[in-house]
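Numbering (the numbering used here), first residue to last: 45 to 539. Every residue, glycine too, gets a C-beta built ideally from N, C-alpha and C. Please read all numbers here as calculations on a predicted model, not as lab measurements.
If you want it as structure tokens, here you go:
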């Protein structure tokens, strides 16, 4: 882990509990303190606002646990006041039974989670906040990785800004005029030894033919540019970029020529080193991102009992389809990773909803439907994951436009999202669920066929059905995920 990310992880994990029931507030504060969080409480919104602004100066990793109904204002009004003061922290909303619609609205407004004030509230607190702080640290680590390339680029710019060019004038094609110290130093002499001297009278070691090339052309009125390798007075081979420009007098004739030569050897070496460094950073960043995404999936599989093995299966099916459609391996791997992380937004869906054995209420289903948006938001904190985030955002769109979150249809849905939709649906149909028995592979294929041009892109369904039966019907074993397993899955999908 880089120094920036390590520093971020060292920030204290803090929770401010804003709850007007003093007894409940004390119970919550004690529970979170026992779980290792620095926790304070406030009874009114005004008191909480003062504490947040004061706490902000300490730069903590702070989360607000906020009751919507406070004696002096609503939780929503309190958040608006903080927003106007440019103070933003993640928040979890608490509501009473029967306020689920309000909770859904607050989740759409940006709440990280919501908690019902029921008998299980106190026991659920450590799990909810552990999951939330893991997500916050994940976003920070993605941003830290993104900053590495920007630092390298800035160092390169500073290096180039400090290279001093050589300058000399010519009074005719074979005679020096004024010379600056850089040019003289490059030749191993003082400028007085060169100024006003004809080339034929100079010591042989002061004459570098590359510096005299093109003089006839430039005195005829043309600009000359050249990149040349020359021998420095020390014997080193150096690369210089030479520009010669004519100075035109009032009579329209060339009166002199100004020449510049920039020693670009260090620049070329720096560019080579930078490219190598950027490649190393890119490789490290990709590895970091892959490990990070796999860590998120591990957490999700612990959190959602139905996800175990599902992500790997969707990734493999998606990559198999992608390679049939487009042979570009880089794009296929992006589709693979999008398939692997397509459900990470479920980390923000309350556990009691995600693992509910019975039918969801309308309000609960609305929350579940937000998971593509939340997953895309987490991924898009990194510029390198923008495409993957876009693929995840739209993997529940339908070909007929009746999907979510945007209700787009046909080719307006990203191709990768249409692929993941087929792979996700097939694996869901053939997987065990507590509320139904799984489809056989043949039954699932028939369901895909029936929904061609309705839910699914018909061409993608045809491609999937054309895959050999072994590719379709042998799921990836579930269990502990690591980077080596993911790479084996990826390698197997290329066969």
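DSSP state of residue i mapped onto helix, strand, coil
| i | result |
| --- | --- |
| residue 109 | strand |
| residue 405 | coil |
| residue 59 | strand |
| residue 210 | strand |
| residue 393 | coil |
| residue 242 | strand |
| residue 316 | helix |
| residue 264 | coil |
| residue 307 | strand |
| residue 234 | coil |
| residue 102 | coil |
| residue 20 | Absent from the model: residue 20. The displayed extent of the chain is 45 to 539, so no value can be given. |
| residue 380 | helix |
| residue 150 | helix |
| residue 424 | coil |
| residue 131 | coil |
| residue 117 | coil |
| residue 452 | coil |
| residue 281 | strand |
| residue 480 | strand |
| residue 533 | Interpretation of residue 533 is limited by its pLDDT of 40, a score under 50 that renders its predicted location unreliable; the figure taken from the coordinates is listed afterwards. Helix. |
| residue 79 | coil |
| residue 441 | coil |
| residue 399 | coil |
| residue 433 | helix |
| residue 182 | helix |
| residue 257 | coil |
| residue 373 | helix |
| residue 458 | coil |
| residue 387 | coil |
| residue 66 | helix |
| residue 353 | coil |
| residue 501 | coil |
| residue 321 | helix |
| residue 485 | helix |
| residue 202 | Its pLDDT being 48, under 50, residue 202 is placed unreliably by the model, and nothing is read from it. |
| residue 251 | coil |
| residue 447 | coil |
| residue 475 | coil |
| residue 511 | coil |
Beta-carbon spacing of residue i, residue j below 8 Å
| i | j | result |
| --- | --- | --- |
| residue 112 | residue 146 | yes |
| residue 288 | residue 251 | no |
| residue 387 | residue 353 | no |
| residue 265 | residue 291 | no |
| residue 411 | residue 511 | no |
| residue 57 | residue 177 | yes |
| residue 304 | residue 209 | yes |
| residue 89 | residue 122 | yes |
| residue 501 | residue 446 | no |
| residue 239 | residue 221 | yes |
| residue 231 | residue 277 | yes |
| residue 473 | residue 152 | no |
| residue 117 | residue 137 | no |
| residue 242 | residue 254 | no |
| residue 316 | residue 166 | no |
| residue 162 | residue 172 | no |
| residue 401 | residue 440 | no |
Nearest-angstrom Cβ-Cβ length linking residue i and residue j, presumed shorter than 8 Å
| i | j | result |
| --- | --- | --- |
| residue 362 | residue 464 | 5 Å |
| residue 435 | residue 466 | Incorrect: roughly 13 Å between the Cβ atoms, too far for contact. |
| residue 96 | residue 133 | 7 Å |
| residue 498 | residue 443 | 6 Å |
| residue 385 | residue 423 | 7 Å |
| residue 60 | residue 91 | With a Cβ gap of about 10 Å, residue 60 and residue 91 do not count as contacting. |
| residue 62 | residue 86 | 5 Å |
| residue 358 | residue 468 | 5 Å |
| residue 426 | residue 333 | 7 Å |
| residue 268 | residue 258 | 4 Å |
| residue 381 | residue 337 | 7 Å |
| residue 180 | residue 168 | That pair is no contact at about 18 Å. |
One or two residues paired with residue i in a DSSP bridge
| i | result |
| --- | --- |
| residue 414 | Answer by DSSP bridge pairing: none, since residue 414 is not bridged. |
| residue 300 | 291 |
| residue 84 | 60 |
| residue 220 | 214 |
| residue 599 | No answer is possible for residue 599: the residues shown for the chain start at 45 and end at 539. |
| residue 138 | 111 and 159 |
| residue 274 | 282 |
**Request:** Note down, one range per segment and in chain order, each beta strand (DSSP E) of at least 3 residues found wholly within the segment 155-180.
**Result:** 157-160
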